[in-house]
Amino acid sequence: MSAERTTPPAPTRQCAGRGNLTFMLPLSAAQFVVASELPQEVRLEVVAECQPNNLAIEVTTQWLGEARTMTLRDDGVLPEDRARDGVYVGVWTGETARSLPLRLSISATDVAPTEVSASTETVAVGRDRIVWALECEPQWRARRVAAALPSRSLEMVEATGVAATLSWLGLILAYLAWLLQGQRAPAGDRP
Amino acid sequence: MSWRGWWTPVVLLAFAVVFTWPAAVTGDVPGHQPDALGTVWFLSAAPRLLLDLTDPLTGFPEGARYGRPDSFTLLVLGQIFAFIPAPRLYSLLLVVGVATSAWAAEAFARALGARAPWSLLAGVAFMSCGLASTALLEGYGYHALNPWLPLFALAWLRATSPGGTVRDGLLAGGAFLLALLTTAWLGLAATLLALGFLFGGLFRGSLAWRAVLAAPAVLVLPLAVYVKVFIDGGGATGSGETGGAIAIDNQMVMTAIRLAGPGLSIDVDGHNQSAAMPAFALALVAAAPIALREHSRWRTVALTGLGAGLLAAAPRLPPETWSSLGRIGELIGFSLLRFPERLGWAWVLCAGAVGARVATGLGQRGGPAAYLIFLVAIVDVLLVMRMPWRQREASGVVPSAYAAAEGPVLDLWPEELRGLPAWALRTTNTACFYQSAHRRPIADHCLLTYDAASPRVTWSRWLTDRLFVGDVAAAEARLAEVGFATIALHGDYFSDGDRLRLGAALAQIDAAPAHSTDGGEAIWAYAVGAP
Chain A
889 MSAERTTPPA
899 PTRQCAGRGN
909 LTFMLPLSAA
919 QFVVASELPQ
929 EVRLEVVAEC
939 QPNNLAIEVT
949 TQWLGEARTM
959 TLRDDGVLPE
969 DRARDGVYVG
979 VWTGETARSL
989 PLRLSISATD
999 VAPTEVSAST
1009 ETVAVGRDRI
1019 VWALECEPQW
1029 RARRVAAALP
1039 SRSLEMVEAT
1049 GVAATLSWLG
1059 LILAYLAWLL
1069 QGQRAPAGDR
1079 P
Chain B
4 MSWRGWWTPV
14 VLLAFAVVFT
24 WPAAVTGDVP
34 GHQPDALGTV
44 WFLSAAPRLL
54 LDLTDPLTGF
64 PEGARYGRPD
74 SFTLLVLGQI
84 FAFIPAPRLY
94 SLLLVVGVAT
104 SAWAAEAFAR
114 ALGARAPWSL
124 LAGVAFMSCG
134 LASTALLEGY
144 GYHALNPWLP
154 LFALAWLRAT
164 SPGGTVRDGL
174 LAGGAFLLAL
184 LTTAWLGLAA
194 TLLALGFLFG
204 GLFRGSLAWR
214 AVLAAPAVLV
224 LPLAVYVKVF
234 IDGGGATGSG
244 ETGGAIAIDN
254 QMVMTAIRLA
264 GPGLSIDVDG
274 HNQSAAMPAF
284 ALALVAAAPI
294 ALREHSRWRT
304 VALTGLGAGL
314 LAAAPRLPPE
324 TWSSLGRIGE
334 LIGFSLLRFP
344 ERLGWAWVLC
354 AGAVGARVAT
364 GLGQRGGPAA
374 YLIFLVAIVD
384 VLLVMRMPWR
394 QREASGVVPS
404 AYAAAEGPVL
414 DLWPEELRGL
424 PAWALRTTNT
434 ACFYQSAHRR
444 PIADHCLLTY
454 DAASPRVTWS
464 RWLTDRLFVG
474 DVAAAEARLA
484 EVGFATIALH
494 GDYFSDGDRL
504 RLGAALAQID
514 AAPAHSTDGG
524 EAIWAYAVGA
534 P
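Which chain is which? The protein sequence lines are A and B, in order.
According to this note's numbering, the first sequence is numbered sequentially starting from 889.
According to this note's numbering, the second sequence is numbered sequentially starting from 4.
1. Which of helix, strand or coil does DSSP assign to Trp-1020/A?
2. To the nearest angstrom, how far is the alpha carbon of Ala-917/A from that of Leu-16/B?
3. Which one of Phe-487/B, Trp-106/B, Thr-258/B and Leu-154/B has the shortest CA to CA distance from Glu-409/B?
4. Taking DSSP as the reference, what is the three-state secondary structure of Trp-980/A?
5. Taking Pro-37/B as the reference, give the member of Leu-1042/A, Arg-1032/A, Met-1044/A and Ser-987/A with the closest Cα.
6. Might you give, ordered along the chain, the residues of its own chain that have their beta carbon closer than 8 Å to the beta carbon of His-518/B, omitting 5 neighbours on each side?
7. Applying the criterion that 16 or more other CB atoms from any shown protein chain within 10 Å of the CB defines a buried residue, is Asp-55/B buried or exposed?
8. Taking any Cβ of chain B, which residues in the segment 1024–1037 of chain A have a Cβ under 8 Å from it, in chain order?
9. Using a cut-off of 9 Å between C-beta atoms, extract the partners of Glu-524/B located in chain A.
10. Does any C-beta atom of chain A lie closer than 8 Å to the C-beta of Glu-396/B?
11. At least one CB of chain A closer than 8 Å to the CB of Ala-286/B: is that the case?
12. May I have the straight-line CA-CA distance separating Val-1013/A from Pro-989/A, to the nearest angstrom?
13. Can you pull the chain A neighbours of Ser-268/B, defined as C-beta to C-beta under 8 Å?
14. In the DSSP output, what is Trp-560/B paired with across the bridge?
15. Going by C-alpha to C-alpha distance, which of Leu-309/B, Pro-371/B and Tyr-374/B sits closest to Val-357/B?
16. According to a CB-to-CB cut-off of less than 8 Å, which residues of the segment 140–166 of chain B neighbour chain A?
17. List, in chain order, every chain A residue whose beta-carbon is nearer than 8 Å to that of Leu-375/B.
18. Tell me whether Gly-522/B is buried or exposed, calling it buried when 16 or more other Cβ atoms sit within 10 Å of its Cβ.
19. Please confirm whether Asp-859/A and Ala-955/A have their CB atoms less than 8 Å apart.
20. Start and end of the alpha helix (DSSP H) containing Ile-83/B?
21. Tell whether a beta-carbon distance below 8 Å holds between Ala-315/B and Val-288/B.
22. For the ligand MG, is there a heavy atom less than 7 Å away from the beta-carbon of Gly-133/B?
23. Taking a cut of 7 Å between CB atoms, which residues from the segment 997–1012 of chain A lie near chain E?
24. Would you mind working out which of Val-999/A, Gln-1069/A and Trp-980/A sits nearest Asp-1016/A, comparing C-alpha positions?
25. Relative to the C-alpha of Ala-1035/A, which residue among Pro-940/A, Tyr-976/A and Leu-1068/A is closest?
26. Below 7 Å on C-beta distance, what does Gly-473/B contact in chain A?
27. Quick check: is the beta carbon of Thr-240/B nearer than 8 Å to any beta carbon in chain A?
28. Indicate whether Val-98/B and Ala-26/B have their beta-carbon atoms separated by less than 8 Å.
29. Just verifying my parser: in three-state terms, what is the DSSP assignment at Ala-89/B?
30. So what does Thr-23/B bridge to, in DSSP terms?
31. Alpha carbon to alpha carbon, how far is Gln-919/A from Thr-23/B?
32. Which residues, in order along the segment 511–523 of chain B, keep a beta-carbon less than 8 Å from a beta-carbon of chain A?
33. Which one of Asp-969/A, Gly-978/A, Ile-994/A and Gln-928/A has the shortest CA to CA distance from Pro-940/A?
34. Can you tell me the Cα-Cα spacing of Leu-226/B and Trp-106/B, whole angstroms?
35. Please classify Phe-471/B: is it buried, with 16 or more other beta-carbons within 10 angstroms of its beta-carbon, or exposed?
36. Look at the alpha carbon of Trp-10/B and the alpha carbon of Leu-378/B, and state the distance between them as a whole number of angstroms.
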């Protein structure tokens, strides 16, 4: 991971640290408030549907005026990452950012360096996770998805979710039917 | 052990705290979408807007007129609670809104014959539905500040029942008005309830006409003022409904997805829309024909809710259909009904109340096994609707670079070349959120419709062009003449090349701009007319 300072160029007048314009709270209320003082952690994941030889995935951004570049890895070093499972992972941390302009590019033995995604993503306070699925047909591109799963598996998870919801409804209906069995309807239900 | 009355609000407040978490404790802004930031601005601007809906601090230099705000109730609340910082007020309103709305729905269920603690299920069903979670996630939390719809249903049900009193009618009229003033959608949902309950009373031939006529008596004058303000504010101008242009089978697929529980992918793109009904409420209302066999008002309530639910799920007609109705068609079809699933508020309210009535009967006869339904409701909220797990927050801090000077600010963001409205809304809502803290005039118009450009976009497009062609001195002179004191460059979002060129050009205006990286952005604030 590398970092460098970019434009607009110095000199600038640095404004005093955090909270200059924070909405001031009464002390009693502030004691119960969890403000965004913790560092932000943004986890980037790319599910590679196609895996050409020597696939390298690189992400660039501007994080609070600082240019950052990171190579995502599939070596199992980061928490929740399994080596060589096709999910490339990287984590950025820093002071809280609202949105990150993210450019995702790939290269491989038989693939010239290609930008596969460019977007500005809103990132949440605290921890956030941004996931793409890298596709090679009909052309190389990365699209935002909900979870780091191959598209077939993701579709299965979504379908399973719907099936589970319907089953859950059926289960509740069966439970109510069991309760209703042998009961008479209550009388006097007029408002 | 008998249920004590004060336990009900306490339990529902606890439910609200969990459902809206972390709103009760956070200093940031809960919500997925930047609409939450815009709502915070609206609260902060309430004291300026309340008198005549104009704001000299936005839309600079002309100022802005907000003739058609979505919520007048929010204006009043913003004024009353102006002493609370706007982000904090917004968060607190989420908690209080969910709690009071659930409590009111619980009272409606009791009016229908439900008994505590079973009546709690009506409140939980009402405020854990997909529409409620969508409002909290997308950032228009005032939709969840909705005790008025259940209170209207309660009073109107009484007014249209035998023995209804003028007081019931007056209360119904007042609650209807408050629902309408909270958001027009709730007014439309209340209208469906009004018609359904009225037809139910007529069908039974037992209407108390004096009670029924008392409601419109309350409404006539305020409604006339509301309509006048609405028309003066531009009516349906700037809407841009395209939903009816989508093929009906595709619309039905999208509706089915929204009605199902929120799937894994629901929060990935720019919306978090769900219209799902909690499964426990759906199952309970489905059991009503068996559990509540005797004829009573529950049928009126259930059928009215079902009618509203069907309308909410119905496909939208093609634009030509509405156009053929002229101006009124455009108003109803193009503007007011952009999100018809919101009519579903009436459905979840009625279904929840009838469901609570069913649960009461089951509880009275089913013994301890019936209490399992509360566990089912908890599982529904936490695991099926997935709240509060889906919630997230944006920073509540505002960049301190704005505090380096005084006077009007021109925010300079890049434009989204594809013209997608989401970017324009994001930048505008963010600039307006910043304005709520720095209090300096800005060029943005803070209540935008999807197809209207903010004046700030026009200004920044002009300035960027002038800076790129090297006409820096003339541009600065023009900005100074208009009165802009600062150009705030949101440098993170420009491409490297544009940022370099803009930085170099702006350095000719102010060689030492104020700079900050707090508030979630790197901002360079260049003083216009600096020596």
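A virtual CB, placed ideally from N, CA and C, is assigned to each residue, including glycine.
Since this is a predicted model, take the numbers as computed values, not measurements.
Looking at the atomic coordinates:
1. The sequence position of residue 1020/A within the first sequence is 132, counting from 1. Correct three-state label for Trp-1020/A: strand.
2. As a working mapping, residue 917/A is identified with position 29 in the first sequence. As a working mapping, residue 16/B is identified with position 13 in the second sequence. Unreliable placement is indicated for Ala-917/A, whose pLDDT of 39 sits below 50; no coordinate value is reported for it.
3. If you number the second sequence from 1, residue 409/B lands on position 406. It is Phe-487/B whose Cα lies nearest to the Cα of Glu-409/B.
4. Counting from 1 along the first sequence, the entry for residue 980/A is found at position 92. DSSP places Trp-980/A in strand when its eight states are reduced to three.
5. Locating residue 37/B in the second sequence gives position 34, counting from the first residue. Ranking the options by Cα distance to Pro-37/B, first place goes to Ser-987/A.
6. Walking along the second sequence from the start, residue 518/B turns up at place 515. Counting only Cβ-Cβ distances below 8 Å, and skipping sequence neighbours, we find Ala-404, Ala-525, Ile-526, Trp-527 and Ala-528.
7. Taking the second sequence and counting its residues from 1, the one referred to as residue 55/B is at position 52. By the 10 Å Cβ count, Asp-55/B comes out exposed.
8. Arg-1032, Val-1033, Ala-1034 and Ala-1035
9. In the second sequence, residue 524/B corresponds to position 521, counting from 1. Here the neighbours are Leu-952, Gly-953, Ala-985, Arg-986 and Ser-987.
10. The residue given as residue 396/B occupies position 393 in the second sequence. Yes, Glu-396/B counts as interfacial toward chain A.
11. Here residue 286/B is taken as the residue at index 283 of the second sequence, counted from 1. By this cut-off, Ala-286/B is an interface position.
12. Translated into the one-based positions of the first sequence, residue 1013/A becomes position 125. Translated into the one-based positions of the first sequence, residue 989/A becomes position 101. When rounded, the distance between both Cα atoms is 16 Å.
13. For the purposes of this step, residue 268/B is taken as the residue at position 265 of the second sequence. Neighbours of Ser-268/B on chain A, chain order: Val-1033, Ala-1034, Leu-1042 and Glu-1046.
14. Nothing about residue 560/B can be reported from this structure: the residues present for chain B run from 4 to 534 only.
15. Sequence index remark: in the second sequence, residue 357/B carries index 354 (1-based). Of the candidates Leu-309/B, Pro-371/B and Tyr-374/B, the one whose C-alpha sits nearest the C-alpha of Val-357/B is Leu-309/B.
16. Leu-160, Arg-161 and Ser-164
17. In the second sequence, the residue the question calls residue 375/B occupies position 372. Within 8 Å Cβ-Cβ: Tyr-1063.
18. Against the second sequence, residue 522/B aligns to sequence position 519. Under this definition Gly-522/B is a buried residue.
19. This structure cannot settle anything about residue 859/A, because the visible part of chain A is limited to 889 through 1079.
20. Here residue 83/B refers to the residue found at position 80 when the second sequence is read from its first residue. First-last of the alpha helix (DSSP H) with Ile-83/B: 75–83.
21. Indexing the second sequence from 1 puts residue 315/B at position 312. Indexing the second sequence from 1 puts residue 288/B at position 285. Result no, Cβ atoms of Ala-315/B and Val-288/B do not sit closer than 8 Å.
22. Here there are no bound small molecules, and the ligand MG is not part of this structure.
23. Structure shown: chain E not included; protein chains present are A and B.
24. For the purposes of this step, residue 1016/A is identified with residue 128 of the first sequence, where counting begins at 1. The shortest Cα separation from Asp-1016/A among Val-999/A, Gln-1069/A and Trp-980/A belongs to Trp-980/A.
25. Looking up residue 1035/A in the first sequence gives position 147. Comparing Cα positions, the closest option is Tyr-976/A.
26. By one-based count along the second sequence, residue 473/B stands at place 470. Those do not exist, as Gly-473/B stays about 17 Å from chain A at its closest Cβ, beyond 7 Å.
27. Taking the second sequence and counting its residues from 1, one reaches residue 240/B at position 237. With a pLDDT of 45 at Thr-240/B, under the threshold of 50, the predicted position of this residue should be treated as unreliable, though the coordinate-derived value follows. It does not; no Cβ of chain A falls within 8 Å.
28. Here residue 98/B is taken as the residue at index 95 of the second sequence, counted from 1. Here residue 26/B is taken as the residue at index 23 of the second sequence, counted from 1. Going by C-beta atoms, Val-98/B is nearer than 8 Å to Ala-26/B.
29. The count along the second sequence starts at 1 and reaches residue 89/B at position 86. Note: Ala-89/B maps to helix in three-state DSSP.
30. Here residue 23/B is taken as the residue at index 20 of the second sequence, counted from 1. Answer by DSSP bridge pairing: none, since Thr-23/B is not bridged.
31. One-based indexing of the first sequence puts residue 919/A at position 31. One-based indexing of the second sequence puts residue 23/B at position 20. At Gln-919/A the pLDDT is 34, less than 50, meaning the model places this residue with poor confidence and gives no usable figure here.
32. Ala-514, Ala-515, Pro-516, Ala-517, His-518, Ser-519, Thr-520, Asp-521, Gly-522 and Gly-523
33. Sequence index remark: in the first sequence, residue 940/A carries index 52 (1-based). The shortest Cα separation from Pro-940/A among Asp-969/A, Gly-978/A, Ile-994/A and Gln-928/A belongs to Ile-994/A.
34. What you label residue 226/B is simply residue 223 of the second sequence in a count that begins at 1. What you label residue 106/B is simply residue 103 of the second sequence in a count that begins at 1. Each residue's alpha carbon lies about 27 Å from the other.
35. As a working note, residue 471/B is residue 468 in the second sequence. Classification for Phe-471/B: exposed.
36. What you label residue 10/B is simply residue 7 of the second sequence in a count that begins at 1. What you label residue 378/B is simply residue 375 of the second sequence in a count that begins at 1. Between Trp-10/B and Leu-378/B, the C-alpha separation is close to 18 Å.
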